[in-house]
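*Asks:* As you go down the protein sequences, you meet chains X and E in turn.
Counted the way the working numbering counts, the first sequence spans residues 60 to 265.
Counted the way the working numbering counts, the second sequence spans residues 60 to 265.
Number of protein chains: 2
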Amino acid sequence: MESLALMAGRPRKAEPEVALAAAMSAFWEKGYEGTSMSDLTEATGLHKASLYKTFGDKHQLFVSALKLYFSKTAQAQKVSRSGEDSPIKAIKKSVTSTIDQCAEGKGCLAVNSLIEVAPFDPEIDRILKQFRQRLENQLARLVEEAKERQQIPASINTNEAVRLITVFLHGLSANMAAGMKVSKARTLLHDQLDLVLLPKKKFKRT
Amino acid sequence: MESLALMAGRPRKAEPEVALAAAMSAFWEKGYEGTSMSDLTEATGLHKASLYKTFGDKHQLFVSALKLYFSKTAQAQKVSRSGEDSPIKAIKKSVTSTIDQCAEGKGCLAVNSLIEVAPFDPEIDRILKQFRQRLENQLARLVEEAKERQQIPASINTNEAVRLITVFLHGLSANMAAGMKVSKARTLLHDQLDLVLLPKKKFKRT
Chain X
60 MESLALMAGR PRKAEPEVAL AAAMSAFWEK GYEGTSMSDL TEATGLHKAS LYKTFGDKHQ
120 LFVSALKLYF SKTAQAQKVS RSGEDSPIKA IKKSVTSTID QCAEGKGCLA VNSLIEVAPF
180 DPEIDRILKQ FRQRLENQLA RLVEEAKERQ QIPASINTNE AVRLITVFLH GLSANMAAGM
240 KVSKARTLLH DQLDLVLLPK KKFKRT
Chain E
60 MESLALMAGR PRKAEPEVAL AAAMSAFWEK GYEGTSMSDL TEATGLHKAS LYKTFGDKHQ
120 LFVSALKLYF SKTAQAQKVS RSGEDSPIKA IKKSVTSTID QCAEGKGCLA VNSLIEVAPF
180 DPEIDRILKQ FRQRLENQLA RLVEEAKERQ QIPASINTNE AVRLITVFLH GLSANMAAGM
240 KVSKARTLLH DQLDLVLLPK KKFKRT
């Protein structure tokens, strides 16, 4: 991660946004517990006093970083949908963009926080749940549209399909944090989408 | 978590094993970074000097705790297979036992460590990879057996099926760490198994 202290000539007004993005990267890289205040001052190029003044304590800075992460994700979702008429293609683009985002850091900051922070922190838990609900609702709307357009069988249970996709994404994120390549993750994701969004044959077990 | 200091009358010989189990629970509950030496002395009922003498430093104690966790998992896998003639039933019992183990703590200690520790710790990364390989090999053997017995279609790709099941288990673990109920996790897991182990119909997209 590049220290902002090394960067020159940036417009003064942009500083808090740029510092927040750097803090987000630090938390993404090292986890909440693993990121010290000195990691944060180094990453942002701000002194401790300025950090506190601008963002509050480490916890408040983490909340802001998580919200920035979510706005990046929401933006990527919007891009997936815009200019894409086919709902099934929009689903593929949307979940693939999630995987690509995981590849930028150590897995997905939201999934990492689900394990590391949410069990002990009701505020983070609430923010993560709200965000996941919003993503699941978007995905559910696309699945419904795909059913209406007969791109996928009407017999598919929308809520179940969405859950099977998102839980799988969380599993991929954990594997990507530990080094799974983005190309491998994309292949598995597309296998999973085909499983979830195509009908099953009857098969008589012996 | 019950402090061992509160327990009386246990046989002296069992102490290191009992202390290690208590340390494992502490790491499972709070994560590697989140567990302090004073958490470990409290959980095990041992003084810091005794802990160091018996198990080495925090990192070595964590390695031993992780190995204990894996031997518990391997034992549960063995039980799933013994007395179970049907490979498909053995697969279901085996992955269900993984979920049940996640429900004992904050998700699965191995998946938590995949995210929190493995990216920064080559030794833990290596131990986790070895263990996952062993579990995947066991699952692959069962999938092959189920194909031979015509319990599942011969067309299923064994390695792909195993990967889709294990990645999904990792995702469930992350959700269970953040509070998903074991009953919900079991339902989703069985949905996923049905998707992975039953054949797909042809479906013509419009």
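Note that beta-carbon positions come from the ideal geometry of N, C-alpha and C, so glycine has one too.
#1: Looking at the C-beta of Ala18 (chain E), does it have a partner C-beta in chain X at a distance below 8 Å?
#2: For chain E, find out if any of its Cβ atoms is closer than 8 Å to the Cβ of Lys165 (chain X); answer yes or no.
#3: As an exercise, report each continuous alpha helix (DSSP H) stretch of at least 4 residues that is fully enclosed by the stretch 106-179 of chain E, in chain order.
#4: Can the beta-carbon of Ile183 (chain E) be found closer than 8 Å to that of Leu125 (chain E)?
#5: Name, please, each residue of chain E whose Cβ falls closer than 8 Å to the Cβ of His249 (chain X).
#6: Write down every uninterrupted run of the beta strand (DSSP E) in the stretch 190-228 of chain X whose length is 3 residues or greater and which is fully enclosed by it, in chain order.
#7: Would DSSP call Ala73 (chain E) helix, strand or coil?
#8: Using the beta-carbon of each residue, which ones in chain E are nearer than 7 Å to Phe227 (chain X)?
#9: State the CB to CB distance for the pair Ala177 (chain E) and Ser156 (chain E), rounded to an integer number of angstroms; the pair is presumed to be in contact (CB under 8 Å).
#10: Report yes or no: do three or more beta-carbon pairs, one from the stretch 185-201 of chain E and one from the stretch 148-155 of chain E, lie closer than 8 Å?
#11: Determine the burial state of Thr246 (chain X): buried for a count of at least 16 other Cβ atoms within 10 Å of its Cβ, exposed for fewer.
#12: Is Glu92 (chain E) helix, strand or coil by DSSP?
#13: Does DSSP put Met83 (chain E) in a helix, in a strand, or in coil?
#14: Decide if Glu76 (chain E) is buried, meaning its Cβ has at least 16 other Cβ atoms within 10 Å, or exposed.
#15: Taking any Cβ of chain E, which residues in the stretch 74-85 of chain X have a Cβ under 8 Å from it, in chain order?
#16: If I'm right that Ala149 (chain E) touches Leu201 (chain E) with Cβ under 8 Å, what's the distance once you round it to whole angstroms?
#17: DSSP three-state label for Leu257 (chain X), please.
#18: If you count every other CB in all the chains shown that lies within 10 Å of the CB of Met279 (chain E), and 16 or more means buried, which is it?
#19: Let me confirm a value: Arg222 (chain E) is counted as buried when at least 16 other C-beta atoms fall within 10 Å, else exposed. Which label applies?
#20: Can you look up Met235 (chain E) in the DSSP assignment and give me helix, strand or coil?
#21: Listing by chain order, which chain X residues have their CB less than 8 Å from the CB of Val154 (chain E)?
#22: If we ignore side chains and look at the alpha-carbon of each, how far apart do Ala80 (chain X) and Ala237 (chain X) end up?
#23: To the nearest angstrom, how far is it from the Cα of Leu228 (chain X) to the Cα of Glu163 (chain E)?
#24: For Thr103 (chain E), collect the residues of the same chain with a Cβ closer than 7 Å to its Cβ; drop the 5 residues on either side in sequence, then sort them by chain order.
#25: Rounded to whole angstroms, what's the CA-CA distance from Gly90 (chain E) to Ile186 (chain E)? Just pull it up for me.
#26: So what does DSSP say about Lys243 (chain X), is it helix, strand or coil?
#27: Answer yes or no: does any C-beta atom of chain E fall closer than 8 Å to that of Ile186 (chain X)?
#28: Quick one: does Arg222 (chain E) have its CB under 8 Å from some CB of chain X?
#29: Let me check understanding here. Comparing Cα to Cα, which of X:Leu252, X:Lys117, X:Ala85, X:Glu74 lies closest to Gly166 (chain X)?
#30: Could you check whether the Cβ of Asn171 (chain E) sits closer than 8 Å to any Cβ belonging to chain X?
#31: Is the shortest distance between the beta-carbon of Ile174 (chain X) and the beta-carbons of chain E less than 8 Å?
#32: Please confirm if Leu194 (chain X) has its CB atom under 8 Å from at least one CB of chain E.
#33: Cβ closer than 8 Å: which chain X residues qualify as neighbours of Asn234 (chain E)?
#34: Which residues of chain B have a Cβ atom closer than 9 Å to the Cβ of Glu92 (chain E), listed in chain order?
#35: Which residue wins for smallest C-alpha separation from Ser95 (chain E), given the options E:Ile158, E:Leu120, E:Thr113?
*Replies:* The structure says:
#1: Since the first and last residues shown for chain E are 60 and 265, residue 18 (chain E) lies out of range.
#2: So yes, Lys165 (chain X) belongs to the interface.
#3: Counting only runs of 4+ residues, the alpha helix (DSSP H) found wholly inside the stretch 106-179 of chain E occupies 107-114, 117-140, 146-161, 168-175, in chain order.
#4: The answer is yes: Cβ separation under 8 Å.
#5: Close partners of His249 (chain X) in chain E (Cβ separation under 8 Å) are lacking, with about 11 Å as the shortest Cβ gap.
#6: Qualifying beta strand (DSSP E) stretches: none in this window.
#7: Any reading at Ala73 (chain E) must be qualified, since the residue scores a pLDDT of 49, below 50, and its modelled position is unreliable; no value is offered.
#8: Within 7 Å of the CB of Phe227 (chain X), the CB atoms of chain E belong to Val226, Phe227, Gly230, in sequence order along the chain.
#9: Taking 8 Å as the upper bound for CB-CB distance, Ala177 (chain E) and Ser156 (chain E) are not in contact here, some 23 Å apart.
#10: Yes: at least three Cβ pairs fall under 8 Å.
#11: Counting Cβ neighbours within 10 Å, Thr246 (chain X) comes out exposed, since fewer than 16 surround it.
#12: Per DSSP, reduced to three states, the secondary structure at Glu92 (chain E) is coil, with no helix or strand assignment.
#13: Residue state, collapsed to three classes: helix.
#14: Label assigned to Glu76 (chain E): exposed.
#15: From the stretch 74-85 of chain X, no residue has a Cβ closer than 8 Å to chain E.
#16: Contact holds; Cβ gap of about 5 Å.
#17: In this structure, Leu257 (chain X) counts as coil in the three-state DSSP scheme.
#18: What the structure shows of chain E is the stretch from 60 to 265, and residue 279 (chain E) is not part of that stretch, so it cannot be assessed.
#19: If you draw a 10 Å sphere on the C-beta of Arg222 (chain E), you find 16 or more other C-beta atoms in it, and that means buried.
#20: If DSSP states are grouped into helix, strand and coil, Met235 (chain E) belongs with the helices.
#21: Simply none; closest approach about 13 Å.
#22: Cα to Cα, Ala80 (chain X) sits roughly 23 Å from Ala237 (chain X).
#23: Annotation: Leu228 (chain X) to Glu163 (chain E) spans about 23 Å, alpha carbon to alpha carbon.
#24: Closer than 7 Å at Cβ, skipping near neighbours: Leu63, Ala78, Ala81, Ala82, Leu110.
#25: One Cα belongs to Gly90 (chain E), the other to Ile186 (chain E), and the distance between them is close to 17 Å.
#26: The DSSP-derived three-state label of Lys243 (chain X) is helix.
#27: Cβ-Cβ to chain E under 8 Å: no for Ile186 (chain X).
#28: For Arg222 (chain E), the nearest beta carbon of chain X is closer than 8 Å to its own beta carbon.
#29: Closest in C-alpha terms to Gly166 (chain X), from the list X:Leu252, X:Lys117, X:Ala85, X:Glu74, comes X:Ala85.
#30: Yes, Asn171 (chain E) lies at the interface with chain X (some Cβ there is under 8 Å from its Cβ).
#31: With respect to chain E, the C-beta atom of Ile174 (chain X) has a partner C-beta closer than 8 Å.
#32: Among the residues facing chain E, Leu194 (chain X) is not included, as its CB has no counterpart in that chain under 8 Å away.
#33: Leu173, Val226, His229, listed in chain order.
#34: In the structure shown, chain B cannot be found, because the protein chains are X and E.
#35: Ranked by Cα distance from Ser95 (chain E), the options E:Ile158, E:Leu120, E:Thr113 are led by E:Leu120.
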